[in-house]
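S.K.: Sharing a structure below in structure tokens format, with a few things to ask.
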Amino acid sequence: MAVTLPNPFYYLENFQRVLDWLGERYIDLLSEEERCFIVRFPTLPQTSRALLVRMAMRKGEHFRSGKLQYAEIGCPHQAIQALLTAGWVEDDPPLTIEHLFALLKKTEIATVFGLTAASRLASKADLLETLRHEFTDARPLAAWHASLHEAGERIYRIAITSLCERMRLMFFGNLHQTWSEFVLSDLGIYRYEQVEFQPSSRGFQSRRDVDDYLHLHRCRERFDQGEYLDDILPDLPVEPHVNPWLETRRNKLLFRIAQEYERCKELQSALAIYQRCTCPGSRLRAIRVLERLEHHTCAFALAITADEMPESEAERQALLRILPRLRRKLGQLKLPVVKPQAAERIDLMLPFPAIPVSVEIAAADHLTRNDAPVVYVENTLINSLFGLLCWPAIFAAVPGAFFHPFHHGPVDLLSPDFHQRRAVQFTACLSQLNDDRYRQTIVANFHAKYGTLSPFVYWNAIDEELLNIALDCLPPDHLKKWFDRILRDISANRSGFPDLIQFYPQEKRYRMIEVKGPGDRLQDNQLRWMEYFVGHGMPVAVCHVQWMEQVMDDVA
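Under numbering that gives the first Met the number 0, the first residue of the sequence shown carries the number 0, and numbering increases by one thereafter.
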């Protein structure tokens, strides 16, 4: 049964809440049109305001009056009059054939264009593709479908989509969060950590920041829609943004464009972008492109520079493969390679499961003993323990990290200085691993914060039983080393943990197990964690699974 809120105008209250928030915190960034909207909106009749918000929250700009039926609003034609007077909605706008297809049912489209029985079998998308080149002008509904217009159907267009989009962006600081965040919170589906932040805390410091964000967003949309790269690239700013957050977004888009050039084998174009891009991984991609271009001397020089000061463990790992290859191509002496110590190896020959299960679950079931249970955890358990212990540091009210009530986590979570800006708080949290306080804190936060969104805690994957056995079997000094490594590079090191963990409760110890099915191999981030585990004397194994039936077939 669907859960409903007691106030039918809940969405209107939420929208007004955003307007009040913006009026209080962003008044200096608002245009005259936006200020006038904030002032005038509350003066309109409630049903008119509600209808505008309903339209703003729906997809598209054009709406049929028959699709604007809401019990709490009543007659849409009456409610919309104040919106037409304000100029926020247009009545009977000209419609392109694309608009028409989005608004009409397939049977109505067949009537408009007099389609044959055979044509009616085609999809709407195929029909549109066939007809769009013949009907290139925009017309009002009556010119397209007179009978529908005569029956009283009206088409309305919301004229303030860009204004609403800008306000949503200024409130959330992004465009991937929508108005539904309010509803999900009100229904208790999402719980957000309530962080105290100053009224001056906000995502944008100037109107130029908002404009630049929207411009980058449009460029990214064009890229995602497959527009020709040579048309997008000139529209991207050449000079770096002063705002570091926006500059990160610009570099990420440049990196994706360079990757696409590389995929299309336009290597010179890709190289030119990689060489001016500061996105992590750009230098490594530049080395690889130089190598593909057979500019081995340049590739080697850049690789040596990178090797002297790697930007990350991932780059260091890749250079261990690239440098020997480049030395060989340049006729240089082969340097000795020190191979890391290998993890324990487990080989299993299992019957193919009668009921489809993953290879990880099949291995876990086989390895489990009464006194040594095996649990599928992958990246969930260690991250959750970290998130529960370091909750106060992660959600510390650092300037600029939080600026509205619906943050899933701090805005700067993946910034290079995330740890540094909260060094005091993280030191306080991690120091609890020196005694038994860490157990009390983790359990207390599990109960106090249960269900509250966190970038680290996987509530659906942990329960109190798993928490207790983990705290009994995982040594605090191992937790400390794992947590330190996560903080070193959150983006890379939140993943790559082994699939399974085996607990030995009577002996207060554990063993981590990465499972690989036939043909699978360890990924780079998994290899880095394996090297870390083995290097620090932590029990870890790689379990290679073969299916009996498959082996027998191969032998036969």
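Idealized CB from N, CA, C, for every residue including glycine.
Can you give me the start and stop residues for the alpha helix (DSSP H) that GLU220 sits inside?
M.R.: That run of the alpha helix (DSSP H) goes 206-223.
S.K.: The beta strand (DSSP E) spanning HIS559 covers which residue range?
M.R.: Absent from the structure is residue 559, since the part of the chain shown begins at 0 and ends at 555.
S.K.: Taking just the CA atoms, how far does LEU253 sit from GLU530?
M.R.: Rounded to the nearest angstrom, the two C-alpha atoms are 32 angstroms apart.
S.K.: Who pairs with LEU102 in a beta bridge, going by DSSP?
M.R.: LEU102 is not bridged to any residue.
S.K.: Quick one: residues in its chain with C-beta nearer than 6 angstroms to the C-beta of PHE14, no 5 flanking neighbours on either side, listed in chain order?
M.R.: VAL52, listed in sequence order.
S.K.: Going by the CB atoms, is the gap between LEU349 and VAL544 shorter than 9 angstroms?
M.R.: Yes, Cβ-Cβ distance for VAL544 and LEU349 is below 9 angstroms.
S.K.: From the DSSP output, in three-state form, read off LEU114 for me.
M.R.: It is coil, neither helix nor strand.
S.K.: Short check: CB of ASP211 to CB of HIS240, under 9 angstroms?
M.R.: Closer than 9 angstroms, so yes.
S.K.: So for TRP603, helix, strand or coil by DSSP?
M.R.: Nothing about residue 603 can be reported from this structure: the residues present for the chain run from 0 to 555 only.
S.K.: Whole angstroms is fine: what's the gap from VAL2's alpha carbon to LEU186's?
M.R.: Low confidence applies to VAL2: its pLDDT is 49, below 50, so where it sits in the model is not reliable, and the reading given next is rough at best. Looking at the two C-alpha atoms, the distance is approximately 7 angstroms.
S.K.: By DSSP's criteria, ILE345 is part of a beta bridge. Which residues make up the other side?
M.R.: ILE345 pairs with CYS542.
S.K.: By Cβ distance, which residues of its chain are closer than 8 angstroms to GLN316, with the 5 residues on each side in sequence left out?
M.R.: The residues are ASP523, LEU526, ARG527.
S.K.: Would you mind sorting THR379 into buried or exposed? The rule is 16 or more other CB atoms within 10 Å of its CB.
M.R.: Classification of THR379: buried, given that the 10 Å Cβ count is 16 or more.
S.K.: Applying the criterion that 16 or more other CB atoms from any shown protein chain within 10 Å of the CB defines a buried residue, is GLN501 buried or exposed?
M.R.: It is buried - the Cβ of GLN501 has at least 16 other Cβ atoms within 10 Å.
S.K.: Within 10 angstroms of the Cβ of ASN173, are there 16 or more other Cβ atoms? Answer buried if so, exposed if not.
M.R.: It is exposed - the Cβ of ASN173 has fewer than 16 other Cβ atoms within 10 Å.
S.K.: Whether or not the segment 496-516 and the segment 468-475 are in contact is what I'm after, with contact meaning three or more pairs of Cβ atoms, one per stretch, closer than 8 angstroms; do they touch?
M.R.: Judged by Cβ distances under 8 angstroms, the segment 468-475 makes contact with the segment 496-516, as three or more pairs qualify.
S.K.: Since I believe LEU28 is in contact with ARG167 (beta carbons under 8 angstroms), could you give me their beta-carbon distance rounded to a whole number of angstroms?
M.R.: ARG167 to LEU28, Cβ: 14 angstroms. No contact.
S.K.: Look up ASP90 in the DSSP assignment and say whether it is helix, strand or coil.
M.R.: Strand, per DSSP.
S.K.: Quick one: is LEU120 buried, meaning 16 or more other Cβ sit within 10 Å of its Cβ, or exposed?
M.R.: The residue in question, LEU120, is exposed, as its Cβ has fewer than 16 Cβ neighbours within 10 Å.
S.K.: Around the Cβ of ALA555, are there at least 16 other Cβ atoms within 10 angstroms (buried) or fewer (exposed)?
M.R.: Reliability fails at ALA555, whose pLDDT of 49 lies under 50, so the model's placement of it is uncertain and no value is given.
S.K.: For ILE354, does the count of other Cβ atoms within 10 angstroms reach 16, so buried, or fall short, so exposed?
M.R.: Burial call: exposed.
S.K.: Less than 8 angstroms between the CB atoms is what I'm expecting for GLU89 and ALA158, so what's the real figure, rounded?
M.R.: Yes, they are in contact, since the Cβ atoms of GLU89 and ALA158 sit about 5 angstroms apart, within 8 angstroms.
S.K.: VAL533 by DSSP, collapsed to three states: which one?
M.R.: Helix at VAL533.
S.K.: Count the other CB atoms, across all protein chains shown, that sit within 10 Å of the CB of VAL541; report buried if there are 16 or more and exposed otherwise.
M.R.: VAL541 comes out buried.
S.K.: So for TYR155, helix, strand or coil by DSSP?
M.R.: If DSSP states are grouped into helix, strand and coil, TYR155 belongs with the strands.
S.K.: Identify whether GLN193 lies in helix, strand or coil by the three-state DSSP scheme.
M.R.: Looking at GLN193 - three-state DSSP - the assignment turns out to be coil, as it is neither helix nor strand.
S.K.: Please go through the same chain and pick out, in chain order, the residues whose beta-carbon is closer than 6 angstroms to the beta-carbon of HIS148, but skip the five residues on each side of it.
M.R.: LEU140, ALA141, listed in sequence order.
S.K.: For PHE482 versus CYS389, is the C-beta spacing smaller than 9 angstroms?
M.R.: Closer than 9 angstroms, so yes.
S.K.: DSSP state of PRO5, grouped into three classes?
M.R.: In this structure, PRO5 counts as coil in the three-state DSSP scheme.
S.K.: To the nearest angstrom, report how far apart CYS74 and LEU50 are at their CA atoms.
M.R.: Looking at the two C-alpha atoms, the distance is approximately 10 angstroms.
S.K.: Spatial neighbours of VAL288 within its chain, please: C-beta separation below 8 angstroms, excluding the five flanking residues on both sides.
M.R.: Excluding residues within five positions, the ones whose Cβ falls inside 8 angstroms are GLU261, LEU266, ALA269, LEU270, TYR273.
S.K.: Relative to the alpha-carbon of LEU325, which residue among GLU290, ALA257, ARG487 has its alpha-carbon at the smallest distance?
M.R.: It is GLU290 whose Cα lies nearest to the Cα of LEU325.
S.K.: Sort ALA117, GLU107, VAL423 by Cα distance to SER146 and report the nearest one.
M.R.: Minimum Cα distance to SER146 is reached at GLU107.
S.K.: Using 8 angstroms for Cβ pairs, my map puts GLU97 next to LEU127. What's the rounded Cβ distance?
M.R.: The pair is a contact, with the Cβ atoms about 7 angstroms apart (cut-off 8 angstroms).
S.K.: In whole angstroms, give me the CA-to-CA distance for VAL533 and MET511.
M.R.: Taking the straight line from one Cα to the other gives about 11 angstroms.
S.K.: What's the gap between the Cα of THR95 and the Cα of ASP136?
M.R.: Cα to Cα, the separation comes out at about 6 angstroms.
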